[in-house]
Each structure stands twice: as structure tokens, then as C-alpha cells.
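Participant: Quick note on numbering: the sequence shown equals residues 196 to 812 in the working numbering.
Even for Gly, the Cβ is constructed at its ideal location relative to N, Cα and C.
Quick caveat, the model's predicted, so the values are computed rather than measured.
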Amino acid sequence: MKGSNVNNCTVVVFHNTEENIQSTLDSLASQFDNVIVQTSKNHIIEALKNQQQYGTTCTLLLIDAESCNLRNDRECPDLLLNVVSLLEDKTLTNVVPIVCSECESPPFMVKCLQEGAADYLLKPLSEDVIKTLFLNVTRYKRNRSKKTLDHLNQVNRVSEPEDQHEENDTHSKGEVWLKFKERLKGVFHEHWLSKLVADYYTPKPSVRRSSMSSMLSDRKEFLKAQICSWEFLPLDLDFKDLVQIVFMILNQVLTTFDELEPLRVSDADLYHFIFDICNFYHGTNPYHNFKHAVDVLQANYYFLCKLGLLEPMCSDCELLSNNNSGTQNTQNHHDDGIPSIQKLMKPLDIFALLMASIGHDVGHPGVNNSFMINTSTPLAILYNDKSVLESFHAMSFYHLMQSNCFRKLTDLRANPEYSTFRKIVVNSILATDMSMHDEYVSKIKDQAERLRKNEIDFSDASVCEKEKILLCGALIKCADISNCARPFESAKRWAKILAEEFFEQGDLERELGMPVLPINQRGKIPLTDFQITFKRFIALKLFVAVTEVTPEMQFTVDQIHANVDIWESMKMDECKHLKQQQQQPQEQEQEQEQQQEHMEKDAVTPNNVPPEPSVED
Ligand code: 5GP
Ligand code: MN
Numbered sequence: 196m197k198g199s200n201v202n203n204c205t206v207v208v209f210h211n212t213e214e215n216i217q218s219t220l221d222s223l224a225s226q227f228d229n230v231i232v233q234t235s236k237n238h239i240i241e242a243l244k245n246q247q248q249y250g251t252t253c254t255l256l257l258i259d260a261e262s263c264n265l266r267n268d269r270e271c272p273d274l275l276l277n278v279v280s281l282l283e284d285k286t287l288t289n290v291v292p293i294v295c296s297e298c299e300s301p302p303f304m305v306k307c308l309q310e311g312a313a314d315y316l317l318k319p320l321s322e323d324v325i326k327t328l329f330l331n332v333t334r335y336k337r338n339r340s341k342k343t344l345d346h347l348n349q350v351n352r353v354s355e356p357e358d359q360h361e362e363n364d365t366h367s368k369g370e371v372w373l374k375f376k377e378r379l380k381g382v383f384h385e386h387w388l389s390k391l392v393a394d395y396y397t398p399k400p401s402v403r404r405s406s407m408s409s410m411l412s413d414r415k416e417f418l419k420a421q422i423c424s425w426e427f428l429p430l431d432l433d434f435k436d437l438v439q440i441v442f443m444i445l446n447q448v449l450t451t452f453d454e455l456e457p458l459r460v461s462d463a464d465l466y467h468f469i470f471d472i473c474n475f476y477h478g479t480n481p482y483h484n485f486k487h488a489v490d491v492l493q494a495n496y497y498f499l500c501k502l503g504l505l506e507p508m509c510s511d512c513e514l515l516s517n518n519n520s521g522t523q524n525t526q527n528h529h530d531d532g533i534p535s536i537q538k539l540m541k542p543l544d545i546f547a548l549l550m551a552s553i554g555h556d557v558g559h560p561g562v563n564n565s566f567m568i569n570t571s572t573p574l575a576i577l578y579n580d581k582s583v584l585e586s587f588h589a590m591s592f593y594h595l596m597q598s599n600c601f602r603k604l605t606d607l608r609a610n611p612e613y614s615t616f617r618k619i620v621v622n623s624i625l626a627t628d629m630s631m632h633d634e635y636v637s638k639i640k641d642q643a644e645r646l647r648k649n650e651i652d653f654s655d656a657s658v659c660e661k662e663k664i665l666l667c668g669a670l671i672k673c674a675d676i677s678n679c680a681r682p683f684e685s686a687k688r689w690a691k692i693l694a695e696e697f698f699e700q701g702d703l704e705r706e707l708g709m710p711v712l713p714i715n716q717r718g719k720i721p722l723t724d725f726q727i728t729f730k731r732f733i734a735l736k737l738f739v740a741v742t743e744v745t746p747e748m749q750f751t752v753d754q755i756h757a758n759v760d761i762w763e764s765m766k767m768d769e770c771k772h773l774k775q776q777q778q779q780p781q782e783q784e785q786e787q788e789q790q791q792e793h794m795e796k797d798a799v800t801p802n803n804v805p806p807e808p809s810v811e812d
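1. Quick check: what's the CA-CA separation for E416 versus L317?
2. Let's see if you can read the secondary structure: which residues bound the alpha helix (DSSP H) around D314?
3. Tell me which residues share the same chain as M629 and place their Cβ nearer than 6 Å to its Cβ, disregarding the 5 neighbours each side in the sequence.
4. Rounded to whole angstroms, how far is the Cβ of L220 from the Cβ of V232, which I believe are closer than 8 Å?
5. Under the criterion of a Cβ to heavy atom distance below 8 Å, does C679 qualify as lining the ligand 5GP?
6. What did DSSP end up calling V460 once you bin it into helix, strand or coil?
7. Can you tell me which of the three DSSP states S354 falls into?
8. Is it the case that the Cβ atoms of H477 and P573 are separated by a distance below 9 Å?
9. Assign E463 to buried or exposed, taking buried as 16 or more other Cβ atoms, counted over all protein chains shown, within 10 Å of its Cβ.
10. If you follow the alpha helix (DSSP H) that F176 is part of, which residue opens it and which one closes it?
11. Since F498 contacts L437 with CB under 8 Å, what's their CB separation in whole angstroms?
12. Going along the chain, which residues of its own chain have a beta-carbon closer than 7 Å to the beta-carbon of D314, five neighbours each way excluded?
13. In three-state DSSP terms, what is T205?
14. At 4 residues or longer, what runs of the alpha helix (DSSP H) sit wholly inside the segment 532-618?
15. Excluding the five sequence neighbours on either side, which residues of its own chain have a C-beta within less than 7 Å of the C-beta of A312, listed in chain order?
16. Within its chain, find whatever has a CB closer than 7 Å to the CB of C271; leave out the 5 residues flanking it on each side and keep chain order.
17. Under a three-way DSSP split, which group does D284 fall into?
18. According to DSSP, is Q716 helix, strand or coil?
19. Decide if K774 is buried, meaning its Cβ has at least 16 other Cβ atoms within 10 Å, or exposed.
20. In the DSSP assignment, find the beta strand (DSSP E) that holds C295 and state where it starts and stops.
21. Helix, strand or coil for I469, going by three-state DSSP, please let me know.
22. Just verifying my parser: in three-state terms, what is the DSSP assignment at N215?
23. Relative to the ligand MN, what is the chain-ordered list of residues with a Cβ closer than 5 Å to any of its non-hydrogen atoms?
24. Can you tell me the Cα-Cα spacing of I444 and E241, whole angstroms?
25. With DSSP run on the structure shown, which of helix, strand or coil describes L773?
26. Can you find a heavy atom of the ligand 5GP that lies under 8 Å from the Cβ of N563?
27. How far does the beta strand (DSSP E) with V711 in it extend, from its first residue to its last?
28. Is there contact between the segment 642-661 and the segment 752-761, where contact requires at least three CB pairs shorter than 8 Å?
29. Verify whether the separation of the beta carbon atoms of Q597 and L388 is less than 9 Å.
30. Quick check: the Cα distance between F546 and V448, rounded to an integer number of angstroms?
31. Is L274 near the ligand 5GP - that is, is its Cβ less than 8 Å away from at least one heavy atom of it?
32. Determine which residues share a DSSP beta bridge with H528 and list them.
33. Among the candidates I761, V741, E743, whose CA atom is the shortest distance from the CA of L722?
34. Is it right to say H772 is buried, meaning 16 or more other beta carbons lie within 10 angstroms of its own, or is it exposed?
35. Write down the C-beta distance between L843 and F209 rounded to the nearest angstrom, noting that I regard them as a contact closer than 8 Å.
36. What residue range does the beta strand (DSSP E) around I231 cover?
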């Protein structure tokens, strides 16, 4: 018996593409006595049954997903489903199916496991992975026997809370649980959440983990300087840079605050989580893509530094210059001299706001809530037309945390201390629904008033929770539309991209025979009007109100005014130009008439040569 193959198992590989897998087969052969490659699905089943007859203890079946002609990204390899059903009706025994694929999509991976795969391996299989492959036999057997037991207990496929807390919760299997079991069967069923997310969208990975290993430290320094500048513009950065930016921001917060020690994860896990987020954004959206998410994250990072809640990661930047520095120009101080904001926002709240920022538009389909509602999409039905997209973003983002290294944050039963974190993340994402804009603005004004009048009782935890949820909502709203407070050239580029997304929705609506609003019609509203209206009547109200709470944000109000001035002068130029164009034909006509008169006069003058025929003649 070779190496680690303590189970004395056979390996059957299903593979029928051009891909050269010789080195994988060599590695497998170095660990297992019997390695068989099969190219036909029918033969595979036969081979598995034969293995049983020959008395093989166990067969590891490696299913190459790329050999299975998947019709779409969401489908599990049919061979897996076949084998699992044969295992279930006991036609097959002791087969451990494992999916191997180059697809890095987490929902796809989850789906394969849910459908019965023992493991999911990314190709090409490394030596190390092959060395531990045999462990799946033990693990799979254990899982299956547990499942059978569950089945006997008639709690089949229900993930009861006690699964995770068996040791420390002696009441969970008591009489009360039994009374509730039927009613709560579906309530604790996490699978349907994964299914919902996986059915909605299986992303094609746009970035791969392997690409991150080689970033030079110079580049990292450059990115740090960008992160600490209000001139930050992710539009010209590539995905590797964007992932690194998110990593540096989240990593800084996790590693600088002692309070966040329990949440620290390995670099690899954090990168993995960020890749998942990145891949869940639709890269084909002109505006609502990962770049917008990184932009919102950076805006909030910048605001938090301005408010003195974070140390800028760059040692020499505009955030450190005197008149900008964190707490100095804070007006809203509480009695004890500590700025109110600093009393309110704790490290976990800061982390929540930054997490909400990067996740706030995950899975955005590039059409707005009205479109979702007017076309009766299942998502609109699911969320009863209320903040449809935002509800979906918040749910999907929580699911991403759950299926990654931040599961702890999502398990309130085991960790009730994370309930405020959840409130901040969910409420902040929901606050980005622009249909609630005015409501938010007036709530922020009320908060400013309470601060001015010293009405907030900072010793009352529930009061503090409410106030900080509101503050985080205000900050993420500013960050979400921070485009219009960026330096003019950046603001203009973002505006064009957003307008393009609106137009693409309009194109679709027209094709579907739906009414199209002027804002979604190409060439209907000039970019200048689009921007002036939005900034004057929507953005300014928000930024002015937030500045009453956090005076350090005054620079945003100043920049919006400056941008409005530029758009106004551009509009004036446009108007002049238009007038000239309208006037020109009139003037030309008048000139021609005058010339004609002259010529006619001349013509009738005796001794004069008759006029030359005009060109048109
Ligand atoms: P998000 O959808 O990104 O969460 O929320 C931002 C929304 O604010 C955008 O979808 C868009 O409707 C609106 N918005 C942001 N910037 C602008 C802008 O410059 N002009 C207009 N008209 N709307 C904007
Ligand atoms: Mn957004």
C-alpha cells in the first residue's frame, strides 16, 4: 500500500477534454495503487459497480467538471447527481464523489457540496491536495452516517441550531424544541439562502487568487497614498489594485484595534473573502460594479480619518496636514470634551460601516428598483417591492460573510455581541435606497439638533446604538454619492458612466415595450442638467445636513458648490452655442437678402455688368 492511502482505495477519474492531466495522474499514482481514467459517463457507473464486486474498500471518484458539458454556470455535473442518487438508493456503496474544476465561483462550489460532493478541488490539483485526498473517505462516511441518523429522526435536511452548539447548549434537544421542530423546520434551513444566491447569479471569476502574490511594495505604497487622497479614482486601477486596496483598509482596522482581535483572520482568508465580493459584482455594469464599491469604501475610510476615528495608513498625506487633522475642528463636543462622534463610534462599528461599504451593491443587476418592481421580478415579489435591490445586497453580503471567514459575525446565537454589527451593516445598506433620501436628510438634521442641544445621553447603550446606526447611514449615503463631491474631472467621468447605465436600462425598457423615463433616454437630458439638478436638489441637502453633525465634512460641501459652478458655466456656454446656432441661419438669410437687394439694385443700374450666376444656379 502506498503513502497515505490508509483506506486502500481506488481512484477513478472522469476526464474527457484536451487538457493534459498527466502530472496529476502521476501524483495520484504515487499515492494510490489503482488509478483509473474513464472518458464516458456510462462506463464510469459500470466501473464503479465493478469496483464493488472486486471488493475494493472504497472508490474516490474525481469528477472533472469541465468534462461534463455543463449547459450553464449554475448546473452541477450530472454525473455527480447520478452517483449521489445511486448512493442514496444503495445501488452504489463506498463511492466518494469529488468535483474538480477550474471554476472559482463560491456559489457553484457550495452547490456541488449541497448536491452531495464530498469535496470541491480547484485545478490543477497540487501534490499536497492529493496527499490528503484519502481523508475524504473518512469524512464522507461520517457525514453520511450522521445524515442517515438525522433521517431516522425525521429531521432530514434541517440544519437545527443545536448542530452547531451541541456541547454548550443542554436545552436545545429538550421538549420545547421537539414541540417547535415541525414549525421551525424551514426557519433554520440555511440551504435555501445559498440556493437563492446561487440561483440568482453564478459569477465568472474576473480575478484569480494566484494573481495577488506578486504585488511590489512600491505599488502598495502608491495605493496607500491613493487611499489617503480625496483625488482617489478607482476607474483607472486594475482589479489586482482594487482587491489590494480593500485588503489594506479592512486589514488595518482588524489589526489596529485590540477589540477586534477575535475577528482577525489569515491574509489568505481575507483575500479569499474580498475575491468573492469582487466576483459577485457584475463587471458588465457601467456603474454599479466593484469599482463603485471600492470608491464608496475609500470615501468612508477618508471620512473616518477626517473624523479622527482612523489613523491614515499613509505617513505623509493630506489627511495629516494641520487644518485637516481629525478632531481639531470638531464642533460637536460633549461635556467631557471628547468629541461626540468618538464616543459613539467604537472599533466594531467602524468595521461594520466599512464592511457595509464594500458590500452595499453586491449583485446589482444594472437596472433600478422601479424596473425590478415594474417587471414583477421574483426579487420584487420576495421583498414586497420595498428597497428590493438594497434588501438583496444586504442579504447576499451577509451570505458572503457566512460562507467565508466571517461566519462568526453572522451567528448571533453563539455571539450575541455582534447584533449591533448586523444592525449597522443592514441599515447602512438599506439607507442607500435613494427613494428614502429626504426622510434620511430630515433624520440627520434632527440628529444635528440633538447634538447641538446636548440631548444625547451617551451613557444609555440603546440611545447610542440608535444614534450610531443613523450616523453610519448618513456616512454611507454621502460615500455612495460622493462622486459629485470629488474633484470636477473625476465627478464628470462618474456622471457619464452612471448616465450610460441609465441609458442601457432605457434601451432595455424600449425593447420590452415599457415606458421610458426621460432620464433613461439617450440624448434627452444634457449631462449638465442631469448633474446640476442632482447636486443642487439632492446631494447638497444631504451633505449640508451631515456637515451639521460632522463639520469635518465641510470640504465636500465646498467641492459640490465648486462643481455646480463649473457645470453652470458649461451650461451657459452650451446655451450660448445653441443660440448662436439658432441665430446663424437667420443672420445668413438676412445677409443673403441684403446681397440680393444690392445685386438687384446694381443690375438695374445702367452700364453695369449683369451679376454672375450664383453657385447653386
Ligand atoms: P446606489 O444605487 O449606488 O446604491 O445609490 C446611488 C444612486 O444615487 C444611483 O443609483 C443614482 O440613482 C443616484 N445617483 C448617484 N449619483 C448621481 C448623479 O450624479 N446623478 C443622478 N441623477 N443620480 C445619481
Ligand atoms: Mn452604491
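Facilitator: Answer, in terms of the structure:
1. 32 Å
2. Careful: D314 lies outside any alpha helix (DSSP H), inside the beta strand (DSSP E) at 314-317.
3. none
4. 7 Å
5. yes
6. coil
7. With a pLDDT of 45 at S354, under the threshold of 50, the modelled position of this residue cannot be trusted; read the value that follows with caution. In this structure, S354 counts as coil in the three-state DSSP scheme.
8. no
9. This sequence places Ala at residue 463; Glu is not what is there. Label assigned to A463: exposed.
10. What the structure shows of the chain is the stretch from 196 to 812, and residue 176 is not part of that stretch, so it cannot be assessed.
11. Not confirmed; about 19 Å, so no contact.
12. I293, N331
13. strand
14. 535-539, 542-554, 564-569, 573-577, 583-597, 602-605
15. L275, P292, I293, V294
16. K306, C307, E310
17. coil
18. coil
19. exposed
20. 290-296
21. helix
22. coil
23. D556, D675
24. 54 Å
25. helix
26. yes
27. Looking at the DSSP string, V711 is not in any beta strand (DSSP E), and its letter there is neither H nor E.
28. no
29. yes
30. 7 Å
31. no
32. P534
33. I761
34. exposed
35. Examination of residue 843 is not possible in this model, given that the chain is present from 196 through 812 alone.
36. 230-233
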